[in-house]
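See below for the structure under consideration.
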Amino acid sequence: MKQFLYFLSAFLFFSMLGMAQEKKTGPVLEEYGEVWKIENPDFATDTNMEYKVVFDIMHSPESHAEINRSIETAARFLNMHAQSSVPESQLKVALVVHNKASKDVIMNEAYQARFGVQNPNYDMINQLMEAGVEIILCGQSSKSRNYPKEQLIPGVKISLSAMTALIQLQNKGYQLIKF
Numbered sequence: 006m007k008q009f010l011y012f013l014s015a016f017l018f019f020s021m022l023g024m025a026q027e028k029k030t031g032p033v034l035e036e037y038g039e040v041w042k043i044e045n046p047d048f049a050t051d052t053n054m055e056y057k058v059v060f061d062i063m064h065s066p067e068s069h070a071e072i073n074r075s076i077e078t079a080a081r082f083l084n085m086h087a088q089s090s091v092p093e094s095q096l097k098v099a100l101v102v103h104n105k106a107s108k109d110v111i112m113n114e115a116y117q118a119r120f121g122v123q124n125p126n127y128d129m130i131n132q133l134m135e136a137g138v139e140i141i142l143c144g145q146s147s148k149s150r151n152y153p154k155e156q157l158i159p160g161v162k163i164s165l166s167a168m169t170a171l172i173q174l175q176n177k178g179y180q181l182i183k184f
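For the sequence shown, my numbering gives the first residue as 6, with consecutive numbering after it.
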């Protein structure tokens with residue numbers, strides 16, 4: 006019995022330790038962007054700073070039924086900083102989408118017609134935009150890949166090019182994050 010209680014105590018202790026180390030979403034996006042909590046980092050997060058970032062999104066998974074983890078990076082960015090006490094009002098995020106990732110910002114009907122499944126990114130894109138994320142599709146990719154404005158998820162913007170959008174955003178103080 007004593008061994009059983011020792012084993013049970015050890016199991017509960019390590020289970021609780023594991024639970025403390027779980028990744029979690031929120032508070033900005035509750036369904037996307039799981040992150041680890043980092044306790045007392047050596048390089049402290051400046052909670053007074055405005056974080057202006059632009060993500061260059063050009064890759065997409067081969068599977069048409071899989072979400073684009075590069076797009077989800079924006080959700081992780083928002084959640085990890087909000088979890089670390091950076092006010093949401095100080096988080097300015099933009100995605101510049103082009104190349105193979107262009108398909109990830111089209112409406113379900115257009116996606117279904119091309120790929121036979123609903124766009125797995127549809128809800129995430131909408132939640133990102135609801136959180137204030139600006140999503141910009143490269144106009145050159147829109148034309149070359151035949152994704153006209155009418156097929157885009159409402160709220161997605163078209164720019165002259167990805168290069169143009171990236172330069173303009175960086176000139177406005179956005180820092181480029183490329184994954």
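Idealized CB from N, CA, C, for every residue including glycine. Computed from a prediction, not measured in an experiment: that's the story for all the values here.
inquiry  = Can you look up S90 in the DSSP assignment and give me helix, strand or coil?
reply    = coil
ask   = How is the alpha helix (DSSP H) around S68 delimited, first residue to last?
value = Run containing S68: none; DSSP gives neither H nor E here.
request  = Hey, could you find the ends of the beta strand (DSSP E) K42 is sitting in?
outcome  = Neither: K42 is in no beta strand (DSSP E) and is coded neither H nor E.
query = Per DSSP, what kind of secondary structure is I172 in: helix, strand or coil?
reply = helix
ask   = Within 10 angstroms of its Cβ, does F19 collect 16 or more other Cβ (buried), or is it exposed?
value = Legend: pLDDT at F19 = 48, less than 50; position of this residue unreliable, value from coordinates given subsequently. Exposed is the call here.
key: Own chain, CB closer than 7 Å to E93, minus 5 neighbours either side, in chain order   = V33, A87
ask   = With which residues is K183 paired in a DSSP beta bridge?
value = D61
inquiry  = So, at 8 Å on beta carbons, what are the nonlocal neighbours of K105 in its own chain, with the 5 sequence-adjacent residues on each side left out?
reply    = M63, H64, S65
request  = Just confirm the distance between the C-beta atoms of Y179 and V58, as a whole number of angstroms; I'd bet it's less than 8 Å.
outcome  = 6 Å
request  = Report the option in I111, H69, N53 whose CA atom is closest to the CA atom of K154.
outcome  = I111
ask   = Nearest CA to the CA of M168: which residue from S146, G160, P159, V161?
value = S146
ask   = Got a sec, what are the start and stop residues for the beta strand (DSSP E) I140 sits in?
value = 139 to 143
query = Helix, strand or coil: which one does DSSP assign to V98?
reply = strand
key: Rounded Cβ spacing between M134 and I76 (contact assumed at less than 8 Å)   = So it is not a contact: roughly 12 Å between Cβ atoms.
task = Can you give me the start and stop residues for the beta strand (DSSP E) that I111 sits inside?
result = Counting along the chain, I111 falls outside any beta strand (DSSP E), and DSSP gives it neither H nor E.
message = Tell me the DSSP secondary structure of L157 in three-state form.
response = strand
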